[in-house]
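Undergrad:
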Amino acid sequence: MKIKHLVKDTNWQNRVESIGYGYHSDNGIPYWVDDYYFSISPLFADEIYNATTELWQMCLAAVEHVIENKKYHLFHIPNYVHHHIERSWNNETPSIYGRFDFAYDEIKKQLKLLEFNADTPTSLFECGVVQWHWKQNYFGDSKDQFNSVHEQLIQTWKEIKPYLKGETLHFTCVRESLEDLTNVEYLRDCAMQAGIQTQLLYIDEIGWNGSNFVDLNDQPITDIFKLYPWEWMINEEYGHHITNDILESQWIEPSWKMVLSNKAILAILWELYPNHPLLLETYFNDSKGMPNFVKKPLLSREGANISVISNNRIIESTQGDYGQEGFIYQELASLIKNNSGYSIIGSWIIGQESCGISFRESDSLITNDRSRFIPHIIE
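By numbering that gives the first Met the number 0, the letter at position 207 of the sequence shown is numbered 206, and the numbering carries on one by one without gaps.
1. State the beta-bridge partners of A102 as determined by DSSP.
2. Check each candidate in Y96, L113, S248 and name the one with the smallest Cα separation from Y162.
3. If you draw a straight line from the alpha carbon of G127 to that of H23, how long is it in whole angstroms?
4. Taking C-alpha atoms, which residue in K142, I349, Y341 lies nearest to N373?
5. Provide the residue(s) that pair with R359 in DSSP beta bridges, ordered along the chain.
6. By alpha-carbon positions, which one of L215, S210, G194, W31 ends up nearest to L200?
7. Assign I106 to buried or exposed, taking buried as 16 or more other Cβ atoms, counted over all protein chains shown, within 10 Å of its Cβ.
8. Compute the distance between the beta-carbons of L246 and N211, then report whether it is under 8 angstroms.
9. So the candidates are W250, K262, P290, I376; which of them puts its Cα closest to the Cα of G165?
10. How many whole angstroms separate the CB atoms of I18 and V129, which I take to be in contact at a CB cut-off of 8 angstroms?
11. Do you know whose CA, among G288, I220, N304, lies nearest N310's CA?
12. Compute the distance between the beta-carbons of V148 and I377, then report whether it is under 8 angstroms.
13. Any idea if D320 is buried or exposed, counting beta-carbon neighbours within 10 angstroms, 16 or more meaning buried?
14. Mind checking which residues open and close the beta strand (DSSP E) that includes I335?
15. When you compare the CB positions of Q192 and I153, do they come within less than 8 angstroms of one another, or not?
16. Short check: CB of D100 to CB of L113, under 8 angstroms?
17. Could you compute how far the alpha carbon of Y282 sits from the alpha carbon of A303?
18. For G355 versus N146, is the C-beta distance shorter than 8 angstroms?
19. Give the single residue among E252, D34, K295 whose Cα lies nearest to the Cα of H4.
20. If we call anything under 8 angstroms between Cβ atoms a contact, is D140 one with W229?
21. Which residue comes first and which comes last in the alpha helix (DSSP H) that contains V258?
22. Could you tell me whether the stretch 328–337 touches the stretch 273–282, using the rule of 3 or more Cβ pairs below 8 angstroms?
23. CA-CA distance, V80 and A50?
24. Going by Cα to Cα distance, which pick from L259, S306, N337, L334 is closest to L54?
25. List the endpoints of the continuous beta strand (DSSP E) containing R312.
26. What distance in whole Å lies between the Cβ atoms of A102 and I343, which are believed to be in contact at a cut-off of 8 angstroms?
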């Protein structure tokens, strides 16, 4: 695995905008990297595939463990939501996707799970569409990628379709984020290609008639994909409506994903699978004597409120609004390091299938909202 450089396509911005990618830069600073990429071997692609597949099964077993033993307090999930989580799990309410983030130790040649973005992962459009078009632009059909995201999304929606309660699958997100809207519209387009009738509405357009959710046409919402975090919903009026909904609408991602999207799951996984080669040593409450570790809030997003400790000294930290919910303490991982920054690997699970990867690069050890998306090629 190594970085390779290209002669940049001078028309790259127009090229990516032509396929609907409007947030490739932030205040003139590119988020999308067009002129270099990660070259990986087929064997490494297989290694990521196998790791993702194994971790997904471990995560499902961990959800079962948390629910059976009612360990919700470790996740700071309010009592009133517990029954909804259990119902969604027991009813096998479908999940469409998630993204595992891996560190890769180049000395030990070992993938390590950093966290699982199980509820509201973004960068799906970049991975499934923009990255593929980038490959076609520079290499045509002469090169390959670990990337069947698009095909797997359509297939998974086809598999979910018979289990939808109503005729229309609604899609929702906040209206302020072009990134969220682009990812939701991509997911919606794949659902339509799978033969599902869909409708988009923003999160603030979802109505409540006293007994169930309705759309702007006062039609009942029976099934809805949301790109909006469960931990926000359950602390808003929405949360109580969800538990009182007489239609028992199917939310995708389902409420059992609250367990997997919370970083407490990392400590649970270590408890269930101690010394597993894909896991980093992780604990609740304290570092258990680890000299090198990362302190992460249970619900942190975009790298907020994280501290990196090396030899018992803070070497890097970020600010933010998280931490009151508690922390986990995770062994410090070795990241891929190149001249341009530190990189982590994002690996997608869609339905039950590992189906695509992407790389994100940051100037610091903590991956944040200023990280860059780097495409890849299998060579």
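For glycine and all other residues, C-beta sits at the position ideal for the given N, C-alpha and C.
TA: Reading off the structure:
1. In the sequence shown, counting from the first residue as 1, residue 102 sits at position 103. Beta bridge pairing from DSSP links A102 with K111.
2. Within the sequence shown, numbered from 1, the residue matching residue 162 stands at position 163. It is S248 whose Cα lies nearest to the Cα of Y162.
3. Counting from one through the sequence shown, the residue named residue 127 turns up at place 128. Counting from one through the sequence shown, the residue named residue 23 turns up at place 24. Each residue's CA atom was taken as its position, placing G127 and H23 some 15 angstroms apart.
4. Within the sequence shown, residue 373 is the residue found at index 374, counting from 1. Inspection of the sequence shows that residue 373 is occupied by Ile rather than by Asn. Nearest to I373 by C-alpha distance, out of K142, I349, Y341, is Y341.
5. Along the sequence shown, one-based indexing puts residue 359 at 360. Under the DSSP definition of a beta bridge, R359 partners with I343, F372.
6. Within the sequence shown, the letter at position 201 stands for residue 200. For L200, the nearest C-alpha among the options comes from L215.
7. For the purposes of this step, residue 106 is taken as the residue at position 107 of the sequence shown. Burial call: exposed.
8. Position 247 of the sequence shown holds residue 246. Position 212 of the sequence shown holds residue 211. A contact, by the Cβ cut-off of 8 angstroms.
9. Within the sequence shown, residue 165 is the residue found at index 166, counting from 1. With respect to the C-alpha of G165, the residue from W250, K262, P290, I376 having the closest C-alpha is W250.
10. Stepping through the sequence shown from its first residue, residue 18 is reached at position 19. Stepping through the sequence shown from its first residue, residue 129 is reached at position 130. Rounded, the Cβ-Cβ distance is 7 angstroms, consistent with contact.
11. For the purposes of this step, residue 310 is taken as residue 311 along the sequence shown, with counting starting at 1. Ranking the options by Cα distance to N310, first place goes to G288.
12. The residue labelled residue 148 in the question sits at position 149 within the sequence shown. The residue labelled residue 377 in the question sits at position 378 within the sequence shown. No, they are not a contact pair.
13. Translated into the one-based positions of the sequence shown, residue 320 becomes position 321. So D320 counts as exposed.
14. Residue numbering aside, residue 335 sits at position 336 when the sequence shown is read from its first letter. Annotation for I335: the continuous beta strand (DSSP E) segment containing it runs 335–337.
15. Mapped onto the sequence shown, residue 192 falls at position 193. Mapped onto the sequence shown, residue 153 falls at position 154. Yes, Cβ-Cβ distance for Q192 and I153 is below 8 angstroms.
16. As a first step, residue 100 is located in the sequence shown; it is residue number 101 there, counting from the start. As a first step, residue 113 is located in the sequence shown; it is residue number 114 there, counting from the start. For D100 and L113, yes; Cβs fall inside 8 angstroms.
17. By 1-based counting over the sequence shown, the position of residue 282 is 283. By 1-based counting over the sequence shown, the position of residue 303 is 304. Each residue's Cα considered, the two are about 19 angstroms apart.
18. By one-based count along the sequence shown, residue 355 stands at place 356. By one-based count along the sequence shown, residue 146 stands at place 147. Yes.
19. Residue 4 sits at position 5 when you count from the first residue of the sequence shown. Distance from the Cα of H4 is smallest, within the candidate group E252, D34, K295, for D34.
20. Looking up residue 140 in the sequence shown gives position 141. Looking up residue 229 in the sequence shown gives position 230. Not in contact: D140 and W229 (Cβ atoms no closer than 8 angstroms).
21. Position 259 of the sequence shown, counting from 1, holds the residue named residue 258. Residue range 256–260 is occupied by the alpha helix (DSSP H) that includes V258.
22. Counting Cβ pairs under 8 angstroms, three or more are found: they touch.
23. Taking the first residue of the sequence shown as position 1, residue 80 is located at position 81. Taking the first residue of the sequence shown as position 1, residue 50 is located at position 51. Taking the straight line from one Cα to the other gives about 31 angstroms.
24. Working through the sequence shown from its first residue, we reach residue 54 at position 55. The closest CA to that of L54, considering only L259, S306, N337, L334, is found on L259.
25. By 1-based counting over the sequence shown, the position of residue 312 is 313. First-last of the beta strand (DSSP E) with R312: 312–316.
26. Position 344 of the sequence shown, counted from the start, is the residue given in the question as residue 343. Position 103 of the sequence shown, counted from the start, is the residue given in the question as residue 102. Indeed they touch by this definition, with Cβ atoms about 6 angstroms apart.
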